[in-house]
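>
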Amino acid sequence: MNAQTSKSRIRVLIQDRERDQQQREAMLADPDHYILQKAEKQLYKLVGVNELKTFIREIYAWIHINRCREKHQLKTKQQSMHMIFKGSPGTGKTTAARLLGEMFRELGFLEKGHFIEAERGDLVGEYIGQTAQKTKALVQKAEGGILFVDEAYALARGGEKDFGKEAVDTLVKAMDDNLHPFVLILAGYSTEMNRFLNMNPGLPSRFPVQLEFPDFTTEQLLEIAENMLGEREYIWTSAAKEQMEKKIQLRRAGKTEHSFSNGRYIRNEIEQAIRYHAVRTMREKKEHDKEALKTLIGADFK
1 MNAQTSKSRI
11 RVLIQDRERD
21 QQQREAMLAD
31 PDHYILQKAE
41 KQLYKLVGVN
51 ELKTFIREIY
61 AWIHINRCRE
71 KHQLKTKQQS
81 MHMIFKGSPG
91 TGKTTAARLL
101 GEMFRELGFL
111 EKGHFIEAER
121 GDLVGEYIGQ
131 TAQKTKALVQ
141 KAEGGILFVD
151 EAYALARGGE
161 KDFGKEAVDT
171 LVKAMDDNLH
181 PFVLILAGYS
191 TEMNRFLNMN
201 PGLPSRFPVQ
211 LEFPDFTTEQ
221 LLEIAENMLG
231 EREYIWTSAA
241 KEQMEKKIQL
251 RRAGKTEHSF
261 SNGRYIRNEI
271 EQAIRYHAVR
281 TMREKKEHDK
291 EALKTLIGAD
301 FK
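Numbering (UniProt numbering), first residue to last: 1 to 302.
#1: For the beta strand (DSSP E) that contains M81, what are its first and last residues?
#2: In the DSSP assignment, find the unbroken alpha helix (DSSP H) run with E106 in it and report its ends.
#3: Is K302 helix, strand or coil by DSSP?
#4: Would you call the stretch 38-52 and the stretch 75-84 touching, i.e. three or more CB-CB distances under 8 Å?
#5: Rank N268, Q249, L107 and G101 by C-alpha distance to the C-alpha of I185 and give the top, closest one.
#6: With three or more beta-carbon pairs closer than 8 Å as the criterion, would you say the stretch 186-205 touches the stretch 87-94?
#7: A61: which of M199, G125, F109 and E242 sits nearest, CA to CA?
#8: Would you mind stating whether G92 and V49 have Cβ atoms separated by less than 8 Å?
#9: Could you pull the start and end residues of the beta strand (DSSP E) that E212 belongs to?
#10: Spatial neighbours of K136 within its chain, please: C-beta separation below 7 Å, excluding the five flanking residues on both sides.
#11: How many whole angstroms separate the CB atoms of Y127 and F196, which I take to be in contact at a CB cut-off of 8 Å?
#12: If we call anything under 8 Å between Cβ atoms a contact, is L155 one with L138?
#13: In the structure shown, what three-state DSSP assignment does A142 receive?
#14: Classify T218: buried if its beta carbon has 16 or more other beta carbons within 10 angstroms, exposed otherwise.
#15: Here's a check: name, in chain order, each residue in its chain whose Cβ is nearer than 8 Å to the Cβ of I116, leaving out the five neighbours to either side.
#16: Considering only the alpha carbon of each residue, which of P181, E271, T295 and E269 lies closest to T281?
#17: Could you check if K134 is buried or exposed, using at least 16 other CB atoms within 10 Å of its CB as the buried criterion?
#18: Which residues in the same chain have their Cβ closer than 7 Å to the Cβ of A167, if we skip the five residues on either side of it in sequence?
#19: Here's the rule I'm using: 16 or more other beta-carbon atoms within 10 Å means buried, otherwise exposed. How should G164 be labelled?
#20: Report the partner residues of V47 according to the DSSP bridge assignment.
#21: Report the option in I65, A174 and P214 whose CA atom is closest to the CA atom of R206.
#22: When DSSP labels each residue in this structure, what does E245 get in the three-state scheme?
#23: Rounded to the nearest angstrom, what separates M27 and I35 at their Cα positions?
#24: Between which residues of its own chain and T76 is the CB-CB distance below 7 Å, once the five residues before and five after are set aside?
#25: Suppose the cutoff is 6 Å on Cβ atoms and the five residues either side in sequence are ignored; what does the same chain contact list for E192 look like?
#26: How would you label G254, buried or exposed, when you count the other beta carbons within 10 angstroms and need 16 or more for buried?
#27: Quick check on N116: does DSSP put it in helix, strand or coil?
#28: Relative to the C-alpha of L229, which residue among K285, Q272, R283 and F55 is closest?
#29: I'd like to know whether the C-beta of K141 is nearer than 8 Å to at least one C-beta of chain C.
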């Protein structure tokens with residue numbers, strides 16, 4: 001690739017981003033789009049997850065334009081909203097599913113928009129017939145809302161004779177017959193979910209929406225930490241931030257891909273630092289001013 005071609009591609013990418021930003025700003029400026037405005041406020045709090053943010057805007061626009069088409073007696077056709085979320089723990093999959101439920105309810109796409117979280121044990125029984133009963137009961141419970149199955153690849157753990165296959169078959173039937181309108185989201189590690197989908201040839205086409213939730217960078221994790229502190233009305237010194245950065249790097253260096261929990265790890269560290277801060281501050285045995293009560297130092301991230 002020559003330099004001229006490279007510059008042209010960069011220019012096109014910048015123009016595409018500028019156009020997307022202009023379209024987004026135009027939608028947000030319209031008071032009729034208050035539902036999107038509300039979703040945008042929640043999305044703004046989420047670090048990264050750009051693919052999710054783009055998808056939510058697409059869904060909102062599609063539902064909105066469908067309503068406009070109906071007013072002009074133009075045909076509209078529902079799309080399947082069943083989804084696959086791929087990514088490690090702590091990358092925002094559950095938060096995203098809850099946000100989608102709220103938005104779908106406000107848009108009238110789902111009646112309730114409530115969130116039901118399940119895993120293999122909630123679907124799979126111990127004897128013949130029990131799995132179908134448990135799975136059907138969960139589908140009924142999720143009617144009008146979101147059924148979120150975490151670590152869904154575990155349903156294929158035991159091979160053809162395992163009851164997990166019966167759970168998958170029951171879910172597929174519920175998706176196809178549409179007797180209980182709901183959105184099914186299967187979630188799990190990217191590699192395992194890809195393997196799970198490849199083992200079930202009929203599944204990928206039933207999940208037209210597949211979103212990746214990549215691991216956060218160190219910079220993004222520090223941003224998440226800062227957001228969490230702000231929500232709790234704490235601040236940190238530069239030394240505290242540096243200490244947190246070191247902890248993240250050390251933790252990552254000693255962990256495999258599947259054992260680092262991203263945002264969940266950050267939340268645990270922040271909560272522990274707040275407890276250390278409380279103990280340290282109480283030991284000082286003096287009148288505490290506002291600054292001392294809200295400031296975390298390097299020693300709090302030991």
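For glycine and all other residues, C-beta sits at the position ideal for the given N, C-alpha and C.
So, to answer that:
#1: By one-based count along the sequence shown, residue 81 stands at place 81. Counting along the chain, M81 falls outside any beta strand (DSSP E), and DSSP gives it neither H nor E.
#2: By 1-based counting over the sequence shown, the position of residue 106 is 106. Here the alpha helix (DSSP H) through E106 covers K93 to L107.
#3: Mapped onto the sequence shown, residue 302 falls at position 302. Coil.
#4: no
#5: Reading the sequence shown from its first residue, position 185 is the one you call residue 185. The shortest Cα separation from I185 among N268, Q249, L107 and G101 belongs to G101.
#6: yes
#7: Position 61 of the sequence shown holds residue 61. Of the candidates M199, G125, F109 and E242, the one whose C-alpha sits nearest the C-alpha of A61 is F109.
#8: Walking along the sequence shown from the start, residue 92 turns up at place 92. Walking along the sequence shown from the start, residue 49 turns up at place 49. It is a contact, given that the beta carbons lie within the stated cut-off.
#9: For the purposes of this step, residue 212 is taken as residue 212 along the sequence shown, with counting starting at 1. It spans V209 to F213 - the beta strand (DSSP E) in which E212 sits, taken as one unbroken run.
#10: One-based indexing of the sequence shown puts residue 136 at position 136. These residues qualify, in order along the chain: T170.
#11: Position 127 of the sequence shown, counting from 1, holds the residue named residue 127. Position 196 of the sequence shown, counting from 1, holds the residue named residue 196. Between F196 and Y127 the Cβ distance is about 24 Å, and since that is not below 8 Å, they are no contact.
#12: Taking the sequence shown and counting its residues from 1, one reaches residue 155 at position 155. Taking the sequence shown and counting its residues from 1, one reaches residue 138 at position 138. No; because the gap between Cβ atoms is not below 8 Å, this pair is not in contact.
#13: Position 142 of the sequence shown holds residue 142. Of the three classes helix, strand and coil, the one that applies to A142 here is coil, per DSSP.
#14: Within the sequence shown, residue 218 is the residue found at index 218, counting from 1. The residue in question, T218, is exposed, as its Cβ has fewer than 16 Cβ neighbours within 10 Å.
#15: For the purposes of this step, residue 116 is taken as the residue at position 116 of the sequence shown. If we look at I116 and ignore the five residues flanking it on each side, its Cβ neighbours are L138, K141, A142, G145, I146, L147 and F148.
#16: Translated into the one-based positions of the sequence shown, residue 281 becomes position 281. Per the Cα distances, T295.
#17: Numbered from 1 along the sequence shown, position 134 holds the residue referred to as residue 134. So K134 counts as buried.
#18: On the sequence shown, residue 167 is found 167 positions in, with the first residue counted as 1. Answer for A167: L123, V124, T131, T135 and L155, listed in chain order.
#19: For the purposes of this step, residue 164 is identified with residue 164 of the sequence shown, where counting begins at 1. Buried is the call here.
#20: On the sequence shown, residue 47 is found 47 positions in, with the first residue counted as 1. The partner list for V47 (beta bridge, DSSP) is empty, contrary to what the question assumes.
#21: Taking the sequence shown and counting its residues from 1, one reaches residue 206 at position 206. Answer by Cα proximity: A174.
#22: Here residue 245 refers to the residue found at position 245 when the sequence shown is read from its first residue. E245 falls in the helix class under three-state DSSP.
#23: Against the sequence shown, residue 27 aligns to sequence position 27. Against the sequence shown, residue 35 aligns to sequence position 35. Because M27 sits at a pLDDT of 48, beneath the cut-off of 50, its placement in the model cannot be relied upon, and the following sentence gives the value as read from the coordinates. Rounded to the nearest angstrom, the two C-alpha atoms are 11 Å apart.
#24: Start at 1 with the first residue of the sequence shown, and residue 76 comes out as number 76. Only N66, R69 and E70 meet the Cβ criterion.
#25: Translated into positions along the sequence shown, residue 192 becomes position 192. Answer for E192: Y153, listed in chain order.
#26: Locating residue 254 in the sequence shown gives position 254, counting from the first residue. The residue in question, G254, is exposed, as its Cβ has fewer than 16 Cβ neighbours within 10 Å.
#27: Residue 116 sits at position 116 when you count from the first residue of the sequence shown. The question names Asn, yet the displayed sequence has Ile at residue 116. DSSP places I116 in strand when its eight states are reduced to three.
#28: Indexing the sequence shown from 1 puts residue 229 at position 229. Taking only the C-alpha atoms, the option nearest L229 is Q272.
#29: The question asks about chain C, but that chain is absent: this structure has only one protein chain.
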